[in-house]
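One structure is given here, and the rest of the page talks about it.
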Amino acid sequence: MSHKVLKTHQYNPVNLALEETLFHTANGRIGVRANFEEGYDEGIVGIRGSYLNAFFDTHRIVHPEKLFGFPEIGEKILNVTDVQCIDVQIEGRKVTITPENVSEYSRAMDMGRGEASRSFTWTDGGKPLIKFDIRRLASFLRREVFALSYSVTAIEPVRFQLQSIVNGEVSNFFDPSDPRVAGEAYRTLIIDKSEIDGNRLTMESYTQQIGHRLFVQSDHRIITDTGRVEKPKSHMDSGVLALVWEAALTPGESITLEKISTFRDSRRFPDEDERCRDYWNGIDVPPYKVLAEEQVVYVEEFWEKAAVDIDGDDAAAANLNFNIYQLFQSTPSDNRAGIPAKGLSGEGYEGHYFWDTEIYMFPFLLYTRPEAARSILLFRHSTLPGAREQARILGHQRGAAYPWRTISGRECSAYYPSGSAQYHINADIAYAVIRYWEATEDDVFIRDFGAEILFETARIWLELGNFSDGRFHIHGVTGPDEYTCLVNDNYFTNQMARKNLQSAVDVYAWMDSHFPVELTRLSDTLKLDRAETQDWESAADRMYLPYDAVRNLNPQDESFLRKPMWDFSSTPPDNHPLLLHYHHMTLSRFQVCKQADTVLAYVLLNPPEKDSTIRKSFHYYEGVTTHDSSLSYAAFAILAARLGEPEKAYEYFSRTVSLDLNDTHGNTKDGIHAANMGGAWMAAVWGFGGFFPDGSLPTFRPVLPSKWKR
């Protein structure tokens, strides 16, 4: 892979589901997996999918033993209308690629152009017949547009048929053996209207449960140097629309089918007349070439601000820029959506948003695309009503408790010990708010949106915790390490809660000084008074942070060091991740971590601990952390760099930056690990670059591994 081009020249059916993810095209609103337009040969398994960020439907969550407050409604991103399909027949034979009939195969993602491509020569008995060249993009300038250019060039005289299909009979992927994806079949997109008008195919659908509507329009253009292309035939059958062209080519002649599709949904286009009219409003649909030229300009502007160059390690530079580009593809352009844990590359985690966004992806956006970071926070602000409702369900009289996993703002986590119990998501979102203000000095945002988030999240901690023995304690929560659930005084949670509380106090005082009228109005709405903020300050000042003086380290929680060690030596390598092989209660009884927890607190904050304590803790947690979560390596890389151990940091960085490219966790077929990709950027910039946001000015303590020059 060059610095900005991912390539493969090997056709391997076993890797196709993985490549569908790695070569997918997205623009933050639309995501299309890199499926073969013409389909696969019989027996090859892929995950065919196209997605719109935040376009979802609901389903019932069934609890065999239903207790109060358990979520009853889940949300799931939908696999939407498939516009990728282009069926090809040569001399009456359907074209599919097999190892026996393909030569000169290649596919690429050109991240400098924002375009994916695929080419191959189709053979018959070893004799080359026809050359294929396919290009596609999801437009960053026109977020509703996904475009395909499908070219064929004859090597021998051939007669063939091109059939462009819009297929509305789609359903979601499921795997009952893997808790990280949906466990049962799900099909809820219902076709309502279909139409064929000349070279245009249109289809309107709606979601069965909540009635979100989707309007898809595919416009076609044939470009040929022969003049012998017949007019298309059309047919409509059971949710499938098709246009069919037939052509005869002599050697060297070519034909190109351009398919420009637009997706509009009722969440973004609530007015039906606006949604259903011609997207192009009567003007000519631009050729693929124009869309590609627009794309290059947009992408070049992105790279001017976001590229990271590494002198002395081309492989690391290429891998890092792949991660950066995937973040770019995954980030929405409006405040109606967040960033799904898998981006828009697959259905893992059902398209939900987690704390991943604010802790791992937000920093990259903040320091390269602050307007996108602002949109993410505006989306969180728009879901405050759902967070307030969740707080009441959890028994809190005031404040907001952000859901652990969601699309619209309702809690969709059915397993509360490692879901709703992760109250730290409140502090994680508050952390992003304060980092945004610190970096941008966007006072208007804090006044109109950020302050409300900070105040409502801060309120939860006073009800969740209590003062005892002169300290403030937080009980019954789960930290980032999901192998240790429902504990008291989780170090990460307490540290982040302290930051949340102190930030709320500071912003209250700032608004009182700069925007007293707005503060009064907000306080009246929230029924907030100065006495409550004094309680916040007291809780922050007296927050208990677990410390073991004998070992000189910070326990992950109050009971962690009293548990026996996990027997790693007797754990078969195939039993990772542990969550797929051991009961959650078993894991919770041992000192074993799924991911960075206390280590991550050190990374994000400026902890009051001695350097010796941080170092001892780092090495201790190295010994008990499995890194079964993709979020883990990056935090260890950053802290190792800060501790002056660049070679160890490089080992963790290398695992971070290549995780999806090497399919380290074995599930990249279900989508990229977007948070890990944000972590890769942080490992480079916060780790080796030594950057740390610290008030009005950042600090820098750079340290490089031996093979890096700069």
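Counting from 1, position 514 in the sequence shown corresponds to residue 536 in this note's numbering; the numbering is continuous, with no gaps. Cβ atoms here follow ideal geometry from the backbone N, Cα and C, with glycine treated the same way. Every value quoted in this text rests on a predicted model; they were computed, and no experiment measured them.
(request) Going by DSSP, name the residue or residues bridged to residue 182. (result) Sequence index remark: in the sequence shown, residue 182 carries index 160 (1-based). BP columns for residue 182 point to 112, 269.
(request) Look up residue 157 in the DSSP assignment and give the residues it is bridged to. (result) Counting from one through the sequence shown, the residue named residue 157 turns up at place 135. Residue 157 pairs with 139, 171.
(message) Using the Cβ count rule (16 or more neighbours within 10 Å means buried), how would you classify residue 450?
(response) The residue you call residue 450 lines up with position 428 of the sequence shown. Buried, because 16 or more other Cβ atoms sit within 10 Å of the Cβ of residue 450.
(message) What would DSSP say about residue 263, mapped onto helix, strand or coil?
(response) Taking the sequence shown and counting its residues from 1, the one referred to as residue 263 is at position 241. Of the three classes helix, strand and coil, the one that applies to residue 263 here is strand, per DSSP.
(request) Have a look at residue 337 and residue 28 and give me their C-alpha separation to the nearest angstrom. (result) To locate residue 337, count along the sequence shown from 1; it is residue 315. To locate residue 28, count along the sequence shown from 1; it is residue 6. Near 12 Å, if we compare the C-alpha coordinates of residue 28 and residue 337.
(request) Please determine, among 177, 518, 541, 113, the residue with the shortest C-alpha to C-alpha distance to residue 472. (result) Position 450 of the sequence shown, counting from 1, holds the residue named residue 472. It is 541 whose Cα lies nearest to the Cα of residue 472.
(request) Report yes if the CB atom of residue 445 is closer than 9 Å to the CB atom of residue 525, and no otherwise. (result) Sequence index remark: in the sequence shown, residue 445 carries index 423 (1-based). Sequence index remark: in the sequence shown, residue 525 carries index 503 (1-based). No, these two residues do not count as a Cβ contact at 9 Å.
(message) Beta-carbon within less than 6 Å of residue 499's beta-carbon, same chain only, minus the 5 sequence neighbours each way: which residues are those?
(response) Counting from one through the sequence shown, the residue named residue 499 turns up at place 477. Result list for residue 499: 443, 445, 512, 515, in chain order.
(request) Per DSSP, which residues does residue 241 bridge with? Please list them. (result) Counting from one through the sequence shown, the residue named residue 241 turns up at place 219. DSSP output for residue 241 lists 222, 282 as bridge partner(s).
(message) So, with DSSP's three-state summary, where would you put residue 395?
(response) Stepping through the sequence shown from its first residue, residue 395 is reached at position 373. Here residue 395 sits in helix by DSSP.
(message) Helix, strand or coil, according to DSSP, for residue 361 in the structure here?
(response) To locate residue 361, count along the sequence shown from 1; it is residue 339. The answer is coil: DSSP assigns residue 361 none of H, G, I, E or B.
(request) Look at the alpha carbon of residue 330 and the alpha carbon of residue 339, and state the distance between them as a whole number of angstroms. (result) For the purposes of this step, residue 330 is identified with residue 308 of the sequence shown, where counting begins at 1. For the purposes of this step, residue 339 is identified with residue 317 of the sequence shown, where counting begins at 1. Rounded to the nearest angstrom, the two C-alpha atoms are 7 Å apart.
(request) Measure the CB-CB distance between residue 186 and residue 266 and report whether it falls below 9 Å. (result) Against the sequence shown, residue 186 aligns to sequence position 164. Against the sequence shown, residue 266 aligns to sequence position 244. The answer is yes: Cβ separation under 9 Å.
(request) Given a cut-off of 9 Å, decide if residue 283 and residue 416 are closer than it, judged by their beta-carbon atoms. (result) In the sequence shown, residue 416 corresponds to position 394, counting from 1. In the sequence shown, residue 283 corresponds to position 261, counting from 1. No, they are not a contact pair.
(request) Quick one: using the 10 Å Cβ neighbour count with 16 as the cut-off for buried, is residue 668 buried or exposed? (result) On the sequence shown, residue 668 is found 646 positions in, with the first residue counted as 1. The residue in question, residue 668, is buried, as its Cβ has 16 or more Cβ neighbours within 10 Å.
(request) Could you name the residues that DSSP lists as bridge partners for residue 150? (result) Looking up residue 150 in the sequence shown gives position 128. The partner list for residue 150 (beta bridge, DSSP) reads 145.
(message) Using a Cβ-Cβ cutoff of less than 6 Å, which residues in the same chain neighbour residue 527 once the five nearest sequence positions on both sides are dropped?
(response) The residue given as residue 527 occupies position 505 in the sequence shown. Counting only Cβ-Cβ distances below 6 Å, and skipping sequence neighbours, we find 555, 558, 559.
(message) Within 10 Å of its beta-carbon, does residue 41 have 16 or more other beta-carbons around it, so buried, or fewer, so exposed?
(response) Residue mapping note: residue 41 aligns to position 19 of the sequence shown, counting from 1. Its Cβ being crowded by 16 or more others within 10 Å, residue 41 is buried.
(message) Quick check on this structure: which residue in 367, 39, 665, 75 has the alpha carbon closest to the alpha carbon of residue 67?
(response) Counting from one through the sequence shown, the residue named residue 67 turns up at place 45. Among 367, 39, 665, 75, the Cα nearest to that of residue 67 belongs to 39.
(request) Would you decide whether residue 363 is buried or exposed? Buried here means 16 or more other CB atoms lie within 10 Å of its CB. (result) Taking the first residue of the sequence shown as position 1, residue 363 is located at position 341. Result: buried.
(request) State yes or no: is the C-beta of residue 146 within less than 9 Å of the C-beta of residue 173? (result) Translated into the one-based positions of the sequence shown, residue 146 becomes position 124. Translated into the one-based positions of the sequence shown, residue 173 becomes position 151. No, they are not a contact pair.
(request) Have a look at 91, 113, 119 and flag the residue whose alpha-carbon is nearest the alpha-carbon of residue 61. (result) By one-based count along the sequence shown, residue 61 stands at place 39. Of the candidates 91, 113, 119, the one whose C-alpha sits nearest the C-alpha of residue 61 is 119.
(message) For a test of the three-state rule: what should DSSP assign to residue 540, helix, strand or coil?
(response) Numbered from its first residue, the sequence shown carries residue 540 at position 518. Residue 540: helix per DSSP, three-state reduction.
(request) Return yes when the Cβ of residue 482 is within less than 9 Å of the Cβ of residue 448, no when it is not. (result) Position 426 of the sequence shown, counted from the first residue, corresponds to residue 448. Position 460 of the sequence shown, counted from the first residue, corresponds to residue 482. Taking 9 Å as the Cβ cut-off, residue 448 and residue 482 qualify as a contacting pair.
(message) Pop quiz: residue 429 and residue 52 are said to be a contact at Cβ under 8 Å. What is the actual Cβ separation, rounded to whole angstroms?
(response) Counting from 1 along the sequence shown, the entry for residue 429 is found at position 407. Counting from 1 along the sequence shown, the entry for residue 52 is found at position 30. In fact, because the Cβ distance is near 16 Å, the residues do not count as touching under 8 Å.
(message) So, for residue 723: in the same chain, excluding its five sequence neighbours on each side, which residues have a beta-carbon less than 8 Å away from its beta-carbon?
(response) Residue mapping note: residue 723 aligns to position 701 of the sequence shown, counting from 1. Cβ neighbours of residue 723 beyond the five flanking positions: 664, 712, 714.
(message) If contacts are defined as beta-carbon pairs under 8 Å, then residue 85 and residue 96 qualify, I think. What distance do you get, rounded to the angstrom?
(response) Position 63 of the sequence shown, counted from the first residue, corresponds to residue 85. Position 74 of the sequence shown, counted from the first residue, corresponds to residue 96. In fact, because the Cβ distance is near 11 Å, the residues do not count as touching under 8 Å.
(request) Kindly indicate which three-state DSSP category residue 48 falls into: helix, strand or coil? (result) Translated into the one-based positions of the sequence shown, residue 48 becomes position 26. Looking at residue 48 - three-state DSSP - the assignment turns out to be strand.
(message) What does the alpha-carbon distance come out to for the pair residue 651 and residue 439?
(response) Sequence index remark: in the sequence shown, residue 651 carries index 629 (1-based). Sequence index remark: in the sequence shown, residue 439 carries index 417 (1-based). Taking the straight line joining both Cα atoms gives about 17 Å.
(request) Go ahead and pull the three-state DSSP assignment for residue 367. (result) To locate residue 367, count along the sequence shown from 1; it is residue 345. Three-state result, residue 367: coil.
(message) For residue 334, which residues in the same chain have their Cβ closer than 6 Å to its Cβ, ignoring the five residues on either side in sequence?
(response) Here residue 334 is taken as the residue at index 312 of the sequence shown, counted from 1. Here the set comprises 729, 730, 731.
(request) Could you have a look at residue 487 and say whether DSSP puts it in helix, strand or coil? (result) Position 465 of the sequence shown, counted from the first residue, corresponds to residue 487. Reduced to three states, the DSSP call for residue 487 is strand.
(message) Excluding the 5 residues flanking residue 160 on each side, which residues of the same chain have their C-beta closer than 6 Å to its C-beta?
(response) To locate residue 160, count along the sequence shown from 1; it is residue 138. Correct list, in chain order: 47, 48, 49, 52, 168.
(request) Decide if the region 300-308 is in contact with the region 129-146; the criterion is three or more beta carbon pairs, one per stretch, under 8 Å apart. (result) no
(message) If you follow the alpha helix (DSSP H) that residue 350 is in, where does it begin and where does it stop?
(response) Position 328 of the sequence shown, counting from 1, holds the residue named residue 350. Residue 350 -> alpha helix (DSSP H) spans 336-352.
(request) Would you kindly work out how many angstroms separate the C-alpha atoms of residue 323 and residue 699, rounded to a whole number? (result) For the purposes of this step, residue 323 is identified with residue 301 of the sequence shown, where counting begins at 1. For the purposes of this step, residue 699 is identified with residue 677 of the sequence shown, where counting begins at 1. Roughly 20 Å separates the two Cα atoms.
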